[in-house]
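Just below is one structure, and these are the notes that go with it.
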Amino acid sequence: MVPLWMYLAVAAALFCIGVFGVLSRRNAVAILMGVELMLNAGNINLVAFWRYGETGTPLLLNGYAFTAFVLIIAAAEAAVGLAIIITVYRNRRSVIPEEADTLKG
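According to the numbering used here, the stretch in the sequence shown is residues 1 to 105, in order.
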């Protein structure tokens with residue numbers, strides 16, 4: 001059986017990679033990928049704590065329900081984010097966030 005700290009270490013490493021991706025990238029698509037990595041790290045934590053927290057009731061699906069909710073939110077975030085990026089690219093011919101700082105047409 002894999003101990004809880006290993007799941008938490010993997011989630012922490014994945015979260016740190018996501019933060020690095022958000023802070024270091026200039027491309028908006030790469031920034032969205034970093035956000036997705038951070039959300040997946042949260043999902044790993046939710047499932048790990050569910051697995052190690054509920055030993056008496058195996059049918060209680062709180063961790064899976066939270067993870068499904070986070071995945072749905074992440075999918076919506078990716079769809080809206082990519083739609084915004086496509087719109088900005090059509091208007092500005094660039095996906096660099098610093099160049100899309102005005103809302104003028």
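Where a beta carbon is used, it is the ideal one built from N, C-alpha and C, also for glycine.
None of the values given here were measured: they were computed from a predicted structure.
#1: Quick check on DSSP: helix, strand or coil for residue 92?
#2: Could you check where the alpha helix (DSSP H) with residue 51 kicks off and where it finishes?
#3: Going by the beta-carbon positions, is the gap between residue 11 and residue 44 smaller than 8 Å?
#4: Is it true that the CB of residue 39 sits closer than 8 Å to the CB of residue 74?
#5: Does the distance from the CB of residue 70 to the CB of residue 42 come in under 8 Å?
#6: DSSP state of residue 3, grouped into three classes?
#7: According to the neighbour-count rule (16 or more other Cβ atoms, all chains shown, within 10 Å of its Cβ), is residue 67 buried or exposed?
#8: With distances taken from CA atoms, which of 31, 98 and 7 is nearest residue 78?
#9: Hey, residue 51 and residue 96 are a contact pair by Cβ (cut 8 Å); roughly how many whole angstroms apart?
Per the coordinate set shown:
#1: Collapsing the DSSP output to three states places residue 92 in a helix.
#2: For residue 51, the enclosing alpha helix (DSSP H) stretches over residues 28–53.
#3: A contact, by the Cβ cut-off of 8 Å.
#4: Cβ atoms of residue 74 and residue 39: closer than 8 Å.
#5: Cβ distance < 8 Å, so residue 70 and residue 42 count as in contact.
#6: For residue 3, the secondary structure class from DSSP, reduced to helix, strand or coil, is coil.
#7: Classification of residue 67: buried, given that the 10 Å Cβ count is 16 or more.
#8: Proximity to residue 78 across 31, 98 and 7 peaks at 31, based on C-alpha coordinates.
#9: About 41 Å separates the beta carbons of residue 51 and residue 96, which is beyond the 8 Å limit, so they are not a contact pair.
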